[in-house]
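Written below as structure tokens is the structure these notes are about.
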Amino acid sequence: MSILLTGFEPFGGAETNPSWEAVCLVPDTIGGHAVHRLHLPVEFARAASLLREEITRLRPEIVISVGVANGRKAVTPELVAINYRFASIPDNAGVSHKGDPIVPDGPAACMTTLPVHDMIAAINEAGIPSHLSLSAGAYVCNDVYYALLSFEKEFGHKGLFVHVPGTEIVSVEDMARALEICLRTAI
Ligand code: PCA
8 MSILLTGFEP FGGAETNPSW EAVCLVPDTI GGHAVHRLHL PVEFARAASL LREEITRLRP
68 EIVISVGVAN GRKAVTPELV AINYRFASIP DNAGVSHKGD PIVPDGPAAC MTTLPVHDMI
128 AAINEAGIPS HLSLSAGAYV CNDVYYALLS FEKEFGHKGL FVHVPGTEIV SVEDMARALE
188 ICLRTAI
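Numbering (the numbering used here), first residue to last: 8 to 194.
What follows is the structure, encoded as structure tokens:
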């Protein structure tokens, strides 16, 4: 079985993005399964199409995409992606959206089928704050999540998006531990 983890480049004037730093600290194999990594641009549509290319190439069984949500106080697995784009800042290609569908005739929302509550309980047991999030926003993270869940039937993987807080709340090492716990739970 193969696993794909994705993290994002920095955006909004930041120099780093802890989502990618945490993804890089996850072990190369978990439970004997290879962990592959993909660094995504913070760009509407392009990030999702790069993810689709990698899923086509790799055919992973589990895909967890990770992004930072500054202001959050915990590691938050996301239950749902919505068919909506709204940006309070332009993406890294200068593109902004003020309320457009991602897929004009697509479903309004998609939900993960991975066991998010078991993951959250296990992360908390490890001493790392975690709770469920019911909104991945409407910026590039939601864009990638909507694509990841929409591709599931076509490619047969199971997808999840996890937002991590800033590093003043959880260290990148603990973020990586939380991601490893998510993957072990999913396996
Ligand atoms: N966070 C942004 C996009 C990239 C990232 O790390 C978001 O929450 O949409």
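Yeah, the Cβ is synthetic: ideal placement off N, Cα and C, and Gly gets one too. As the structure is a computational prediction, the values presented were derived from the model and not from experiment.
Buried versus exposed call for D125 [16 or more other C-beta atoms within 10 Å across all chains shown]: Exposed: under 16 other Cβ atoms inside 10 Å.
query: Applying the criterion that 16 or more other CB atoms from any shown protein chain within 10 Å of the CB defines a buried residue, is L11 buried or exposed?
result: buried
query: Okay, do the stretch 148-159 and the stretch 180-191 touch, 3+ Cβ pairs below 8 angstroms being the bar?
result: Taking a cut-off of 8 angstroms for Cβ pairs, the stretch 148-159 and the stretch 180-191 do not touch, as fewer than three such pairs fall below it.
field: Reference G20, options I194, G163, S140 and G101, closest by Cα
entry: G101
query: In whole angstroms, what separates the C-alpha of F162 from that of A88?
result: 18 angstroms
- prompt: Between F15 and the rest of its own chain, which residues show a CB-CB distance below 8 angstroms, the 5 nearest in sequence each way excluded?
  reply: N24, S26, W27, H46, L47, P48, V49, A54, V73, G74, V75, V147 and C148
- prompt: Quick one: is the Cβ of S26 within less than 6 angstroms of any heavy atom of ligand 1?
  reply: yes
field: Boundaries (first-last residue) of the alpha helix (DSSP H) holding S137
entry: It is not in any alpha helix (DSSP H) - S137 carries neither H nor E in the DSSP assignment.
field: Limits of the beta strand (DSSP E) - the one that A41 falls within
entry: Note, A41: beta strand (DSSP E), H40 to L47.
field: Y91 beta carbon near ligand 1 (any heavy atom closer than 6 angstroms)
entry: No.
message: Please return the same chain residues whose Cβ sits closer than 8 angstroms to the Cβ of V177, not counting the five positions on each side in sequence.
response: A81, V82, I135, P136, V171 and A185
message: Using the Cβ count rule (16 or more neighbours within 10 Å means buried), how would you classify I96?
response: exposed
- prompt: Going by alpha carbons, who is nearest to P122 out of N77, H138 and A52?
  reply: H138
- prompt: What number of angstroms, rounded off, separates the C-alpha of N90 from the C-alpha of A133?
  reply: Roughly 34 angstroms between the two C-alpha positions.
field: T63 burial status per 10 Å Cβ neighbour count (16 or more: buried)
entry: exposed
field: Secondary structure, alpha helix (DSSP H): runs of 4+ residues fully inside the stretch 130-190
entry: 147-157 and 159-162
- request: Assign M8 to buried or exposed, taking buried as 16 or more other Cβ atoms, counted over all protein chains shown, within 10 Å of its Cβ.
  value: M8 comes out exposed.
For G74: DSSP bridge partner residues: H170
task: Starting from C117, follow its DSSP beta bridges and name the residues at the other end.
output: A88
query: Can you list, in chain order, the residues of its chain whose CB lies under 6 angstroms from that of I194, leaving out five sequence neighbours each side?
result: G38
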